[in-house]
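**Q**
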Amino acid sequence: MNILSAEEAKNKFKIDTSNYIHDSVIFVVPNKAYGFVIGTNNYIMPGTVIHTGTGYRENTVVGNNNFIGSGATISSDSLICNSTRIENACYIGFHACIQSYSKLESSVTISNYNTVGSYSYVGSLSPVIKDVKPVSKVFGNPCGFKGFYDSQTIKEKYDSQIIKQIKEFVLKNKTPEDPYLISVIDEFKNQSRKKVYDSTL
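Convert by adding 420 to the 1-based position in the sequence shown; the result is the number in the working numbering.
(1) Using beta-carbon positions only, say whether residue 394 and residue 527 come within less than 8 Å of one another.
(2) I believe residue 465 touches residue 495 by the beta-carbon criterion, under 8 Å. Please report the beta-carbon distance rounded to the nearest angstrom.
(3) Output the boundary residues of the beta strand (DSSP E) element that contains residue 422.
(4) Is the beta carbon of residue 468 sitting closer than 8 Å to the one on residue 436?
(5) Just confirm the distance between the C-beta atoms of residue 391 and residue 475, as a whole number of angstroms; I'd bet it's less than 8 Å.
(6) Using the beta-carbon count (16 or more within 10 Å), is residue 534 buried or exposed?
(7) Output the distance between the C-alpha atoms of residue 382 and residue 446, rounded to the nearest integer angstrom.
(8) Going by C-alpha distance, which of 584, 424 and 544 is nearest residue 470?
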């Protein structure tokens, strides 16, 4: 096992210069055959620890336009999609997936293999041990489903008719008609560990 500084990782993994990675970030490399893939315009704040891939997903992957707060831990083979916000001291488990536009408040724990669906919200200090359906709000200990997450992003992107479809999906499991929303649900199903909704919170 190797430990790389942020500067060493930038060179080894050819990290795009549009990314901000604080000098105190460290990369744990359990298997030299696999690595770390990152897109563009990401912010990774002080004290974060990133474990590179082990072969399960080949690489640990971070997409574009993400914010990862201070003291976070990103475990091996995890996938963080695009435009997520992961606040301070969060723990992202092995082979977990955080889908696009999700928000994790401080000190959230995502257990190994679990998926947080797109546009979701996880409240502070919540331990997530089951998949979180897209556009859902969950929090508490034990972590539980609290309903539709009416985020500013959703309000800006969709009109009232589409939002109604989203609510019916979140609250009643009714499949929406909008093709993009169907693709979001399909992406979640593909990442979801059990591939069925009754595995969700």
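Cβ coordinates follow ideal geometry from the N, Cα and C atoms, glycine included.
**A** Quick look at the numbers:
(1) Outside the displayed span of the chain (421 to 621) sits residue 394, for which this structure offers no information.
(2) Not a contact, Cβ separation roughly 17 Å.
(3) Per DSSP, residue 422 belongs to the beta strand (DSSP E) from 422-425.
(4) No.
(5) As shown, the chain starts at 421 and ends at 621. That puts residue 391 outside it, with no answer to give.
(6) When all chains shown are included, residue 534 counts as buried.
(7) For the chain, the structure presents residues 421 to 621; residue 382 sits outside this window and is missing.
(8) Out of 584, 424 and 544, 424 has the C-alpha closest to the C-alpha of residue 470.
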